[in-house]
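Right, one structure below, let's go through it.
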Amino acid sequence: MYAYVPRDYCDNDGIGLCGAYGNCIITDSPICQCLKGFKPKSAENSEWSQEFRCYINKNWWNSAANSTKEAKSSVVLQLLNSGNLVLRDEQSGGLGRYLCQSFDYPLETLLPEMKNGWDLKTSLERRLSSWKSLDDPSPGDFIWGVQRQGNPEIVMWKGSNMFFSSGLWNGLGFSGALTLMPNPVIELNFVYNEDEL
42 MYAYVPRDYC DNDGIGLCGA YGNCIITDSP ICQCLKGFKP KSAENSEWSQ EFRCYINKNW
102 WNSAANSTKE AKSSVVLQLL NSGNLVLRDE QSGGLGRYLC QSFDYPLETL LPEMKNGWDL
162 KTSLERRLSS WKSLDDPSPG DFIWGVQRQG NPEIVMWKGS NMFFSSGLWN GLGFSGALTL
222 MPNPVIELNF VYNEDEL
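The sequence shown begins at 42 in the numbering used here and counts up one residue at a time.
Below is the structure:
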């Protein structure tokens with residue numbers, strides 16, 4: 042996993058705010074046209090693009106969405122300050138009751154308020170996956186998630202081989218994890234109850 046901070050909105054020698062395949066236009070603010078002109082290097086690399094489509098001034102559809110919740114009135118697509126893109130019932134008033142939210146489907150980055158693990162009520166597994174390469178966002182070799190058989194443990198897989206294990210959760214901490222120093226920037230919490238892991 043890696044991070045890139047652009048020097049300006051349309052950083053031409055790097056990825057910039059629009060991503061590797063975006064087209065950045067500066068007027069009063071940057072506007073990114075999603076995946077403009079993207080062509081995978083091979084048919085094998087095009088798998089990821091079947092899940093997400095981005096169209097300017099048209100409907101957006103995610104073929105992987107499988108929510109069984111139904112809206113009782115009009116729905117609103119809202120980008121929260123946290124970066125979470127949520128689909129909610131207009132009458133819910135944004136009180137955290139979402140029909141669908143992007144934070145339930147993390148990709149390669151864990152943002153504040155995102156979760157890595159299981160929603161035990163719905164059996165939804167949230168896990169991170171590396172990119173196949175720097176210019177190919179399809180799932181790569183590394184997966185980071187929570188294994189829930191027996192006592193839970195945080196694991197990283199490289200293909201089908203376990204690459205890292207935190208050790209089993211013993212109620213106070215993970216048996217194989219090194220003690221982490223406090224970090225003023227990020228705070229990690231482990232939650233294990235009847236609703237989530």
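Quick reminder that beta carbons are idealized off the backbone N, C-alpha and C, glycines included.
Checklist entry - Bridge partners of S174, per DSSP? => result D177
Item to check | Other residues of its chain near V232: CB distance less than 6 angstroms, five sequence neighbours each side excluded | outcome: none
Checklist entry - Which residue's Cα is closest to the Cα of L169: K162, D177 and M155? => result M155
Checklist entry - Going by the beta-carbon positions, is the gap between S115 and D130 smaller than 9 angstroms? => result yes
Next on the checklist: Applying the 10 Å Cβ sphere with the 16-neighbour rule, what's the burial state of P178?
Outcome noted: buried
Next on the checklist: Does S206 come out as helix, strand or coil in the three-state DSSP assignment?
Outcome noted: strand
Next on the checklist: I'd like to check one pair, W159 with R189: are the Cβ atoms closer than 9 angstroms?
Outcome noted: yes
Checklist entry - So, using beta-carbon positions, are W185 and M203 closer together than 9 angstroms? => result no
Next on the checklist: If you follow the beta strand (DSSP E) that V196 is in, where does it begin and where does it stop?
Outcome noted: E194 to K199
Checklist entry - Are the beta-carbon atoms of G208 and G217 separated by less than 9 angstroms? => result yes
Checklist entry - Since L161 and L238 are thought to touch, with beta carbons under 8 angstroms apart, how far apart are those beta carbons, to the nearest angstrom? => result 6 angstroms
Next on the checklist: DSSP has L169 in a bridge; who is on the other side?
Outcome noted: W185
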